[in-house]
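Numbering (UniProt numbering) for the sequence shown: 1 to 263.
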Amino acid sequence: MNYANAQKTTGSIPAKTINNDLFVEAFVNGKGPYNFLVDTGASGMGRIDERIVKELGLTASDSVRNYDGSGKYNVVPVFSVAGLRVSALEEKNVRLLSRNYNGNRKNGRMLIDGIIGREFFRKYLLTIDPKDEKITYSMDSLTTGDPGVIPYQGDFQISAIVGDTAVTLHLDTGSTLTMHFPKILIDKLPHTNTEKKTIARRANSEYFIQETVLHATLKVSSVEIKDLVVDYSEQAQFVNVGMGFLKKYKLTIDQKRRLVRIE
Numbered sequence: 001m002n003y004a005n006a007q008k009t010t011g012s013i014p015a016k017t018i019n020n021d022l023f024v025e026a027f028v029n030g031k032g033p034y035n036f037l038v039d040t041g042a043s044g045m046g047r048i049d050e051r052i053v054k055e056l057g058l059t060a061s062d063s064v065r066n067y068d069g070s071g072k073y074n075v076v077p078v079f080s081v082a083g084l085r086v087s088a089l090e091e092k093n094v095r096l097l098s099r100n101y102n103g104n105r106k107n108g109r110m111l112i113d114g115i116i117g118r119e120f121f122r123k124y125l126l127t128i129d130p131k132d133e134k135i136t137y138s139m140d141s142l143t144t145g146d147p148g149v150i151p152y153q154g155d156f157q158i159s160a161i162v163g164d165t166a167v168t169l170h171l172d173t174g175s176t177l178t179m180h181f182p183k184i185l186i187d188k189l190p191h192t193n194t195e196k197k198t199i200a201r202r203a204n205s206e207y208f209i210q211e212t213v214l215h216a217t218l219k220v221s222s223v224e225i226k227d228l229v230v231d232y233s234e235q236a237q238f239v240n241v242g243m244g245f246l247k248k249y250k251l252t253i254d255q256k257r258r259l260v261r262i263e
């Protein structure tokens, strides 16, 4: 089957949330399937793990600085592939950054073969529905003023209210956490720490995060919730919303109109 000629304007992609990782099956240069993480926090079309690079015998075409959000970076290779396909959607001549995406993975967790970035679905109205284990896409649009529809800025940054405090949330399906708050912000909100304190790892750094119960009511889009268990750290620069939270809801993203809905 020639997938380049079978590109659909509407369809459904099987997706599974495993340990708060959102996976789809992807094909690189017609080979696969590979387990690719769907990551709205990742720029560009995607990433590819160094294991798969070796398996496919790819040769680097470039290199770039890879920042991890802490201000640190590594220089990583870039590989040009003829095609990156997820279900019936395929992008041609794609540049994929590469590194070891599994070095800090705990035993028993599914290996990440690669990452699907936010640009891959840029043409479509995208609905991520973890409960039904699927991602749907179409050429439809969200409409401002409809229930739960709100605008986003930058890379999926939306406005929310926690108690009486206005906050900005960054939607990041590549994170396994529920929400990750900056300590400077959580200190202004009613909360109770739990005994859980863990090490969080980024591409180029690691740090401690503290779990806490946020007693103020969170209101965002169509969602209103109180006593949400979240994390915070001194390193966090903004409130990051991960799959620990998003797996309970249906997330719709309209990149053409820069609108989202959580329901």
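Here a beta-carbon is modelled for each residue, glycine too, at the ideal position from N, C-alpha and C.
Keep in mind the model is a prediction, meaning the values are calculated, not measured.
| Item | Value |
| --- | --- |
| As assigned by DSSP and simplified to three states, the class of I13 | strand |
| Enclosing alpha helix (DSSP H) for M243 [first to last residue] | M243 to L246 |
| Identity of the residues DSSP links to L177 by a beta bridge | DSSP output for L177 lists no bridge partner at all. |
| Sequence-distant residues of the same chain with beta carbon closer than 6 Å to S12, five excluded per side | K134 and T136 |
| Segment contact flag, the segment 232 to 243 with the segment 90 to 108, C-beta cutoff 8 Å, min 3 pairs | no |
| Cβ neighbour criterion (16 or more within 10 Å) applied to A26 | buried |
| L84 in three-state terms, based on DSSP | strand |
| Cβ distance (whole Å) where T198 is taken to contact V213 below 8 Å | 16 Å between Cβ atoms; not a contact. |
| As assigned by DSSP and simplified to three states, the class of K106 | coil |
| L185 - DSSP class collapsed to helix/strand/coil | helix |
| DSSP three-state assignment for K250, whether helix, strand or coil | coil |
| Proximity below 8 Å, CB of R47 to CB of G114 | yes |
| Nearest candidate by alpha-carbon position, reference K252, set G244, K106 and S221 | Looking at the sequence provided, one finds Thr at residue 252 rather than Lys. T252 has its Cα closest to that of S221, out of G244, K106 and S221. |
| Bounding residues of the alpha helix (DSSP H) (the contiguous stretch that carries E133) | Run containing E133: none; DSSP gives neither H nor E here. |
| Helix, strand or coil at E50 according to DSSP, with G and I counted as helix | helix |
| Burial state of A82 (16 or more Cβ within 10 Å) | exposed |
| Proximity of A200 and I209 at Cβ, strictly below 8 Å | yes |
| Selection from D254, I18, D187 and I52 that minimises the alpha carbon distance to G244 | I18 |
| Within 8 Å, strictly: CB atoms of V86 and T173 | no |
| Distance between beta carbons of T178 and G242, contact taken as under 8 Å | 6 Å |
| Closest residue to A166 among I186, K196, P147 and S175 (Cα-Cα distance) | I186 |
| Cβ shell of R95 (< 6 Å), same chain only, five flanking positions each side left out | V78 and S80 |
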